[in-house]
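Worksheet: one structure, shown below.
Residue numbers (this note's numbering): 26 to 301.
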């Protein structure tokens with residue numbers, strides 16, 4: 026283990042969300058912890074090595090892809106029990122399909138303190154890259170993030186057609202290998218065939234792509250592009266609304282709120298409720 030930097034928090038494990046791949050999308054806090062860490066264990070199949078560029082020279086940087094849970098835990102435990110700071114770096118946002126719970130349980134069992142730094146989910150990075158919104162004034166006010174059932178089962182109450190029946194905006198992760206099934210289940214749940222779809226592939230990585238299509242063409246678009254993994258499907262029913270008829274009231278001159286008094290007559294195109 027490299028010599029510990031003065032001022033580093035001792036004897037602790039930090040789970041750090043690295044974001045979707047762009048080294049500049051990790052949080053400042055996450056980057057500072059990586060720079061202070063005495064050992065770094067990262068998900069090499071999903072986290073680019075460039076995200077770890079702030080690591081101090083000589084600090085072990087270990088790819089967890091070939092390791093078991095027990096092997097990963099041993100690395101974190103040994104560092105923390107020797108008074109060091111261990112950085113466990115996950116892709117995206119650790120609370121979403123991040124496998125943090127089982128790692129934290131092993132740390133708890135040995136009395137090792139741990140904490141989490143949130144990260145940017147690939148769903149939000151894809152929305153930003155595509156310049157779209159999940160919520161729309163006068164349209165969807167709910168966002169669902171889910172996946173198809175597969176090797177990891179999904180509760181029956183969370184099957185894609187059941188969730189689609191709400192008509193909310195949605196992000197479907199970890200389902201790129203079955204685009205035909207994604208399309209069929211979204212249609213079965215009630216989304217219209219012309220519903221706007223954004224497909225994000227490796228957003229934040231070099232060569233990442235964002236494609237705009239319609240639900241009726243989701244599977245064909247994904248197949249023709251060759252997207253088989255690291256793909257996010259955004260379902261955006263609100264994108265079909267007329268932008269002029271769906272402005273938020275937040276900046277409407279005729280709308281009073283806690284920081285501004287109404288100064289003009291109501292605008293006909295600004296009568297829909299919006300976000301806070």
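Glycine is no exception: its CB is placed at the ideal position from the N, C-alpha and C atoms.
Could you check what DSSP says for residue i in three-state terms: helix, strand or coil?
i	result
residue 97	helix
residue 140	strand
residue 263	helix
residue 75	helix
residue 40	strand
residue 129	helix
residue 80	coil
residue 170	strand
residue 177	coil
residue 256	strand
residue 187	helix
residue 160	coil
residue 105	helix
residue 134	helix
Does the distance from the C-beta atom of residue i to that of residue j stay below 7 Å?
i	j	result
residue 200	residue 172	yes
residue 69	residue 230	no
residue 259	residue 193	no
residue 63	residue 110	yes
residue 130	residue 139	no
residue 189	residue 215	yes
residue 95	residue 137	no
residue 43	residue 144	yes
residue 119	residue 263	no
residue 55	residue 65	no
residue 116	residue 53	no
residue 157	residue 223	yes
Can you round the beta-carbon distance between residue i and residue j to whole angstroms, since I take them to be within the 8 Å contact cut?
i	j	result
residue 113	residue 38	6 Å
residue 198	residue 236	Not really, about 16 Å apart at Cβ, beyond 8 Å.
residue 59	residue 80	6 Å
residue 86	residue 51	The Cβ separation is near 15 Å, so there is no contact.
residue 212	residue 185	Rounded, the Cβ-Cβ distance is 10 Å, inconsistent with contact.
residue 147	residue 228	6 Å
residue 225	residue 151	3 Å
residue 204	residue 244	4 Å
residue 125	residue 141	7 Å
residue 234	residue 250	7 Å
residue 108	residue 36	5 Å
residue 168	residue 160	7 Å
With respect to the alpha helix (DSSP H) encompassing residue i, which residues constitute its N-terminal and C-terminal limits?
i	result
residue 149	147–155
residue 244	243–250
Could you tell me the boundaries of the beta strand (DSSP E) in which residue i lies?
i	result
residue 234	234–239
residue 112	110–115
residue 225	221–226
residue 86	86–88
Task: Runs of alpha helix (DSSP H) wholly within the segment 190–216 (minimum 4 residues, chain order) - done: 204–213
Open item on the list: Ignoring anything shorter than 4 residues, give me the alpha helix (DSSP H) runs that lie fully in the segment 43–70, in order along the chain.
Closed with: 53–61
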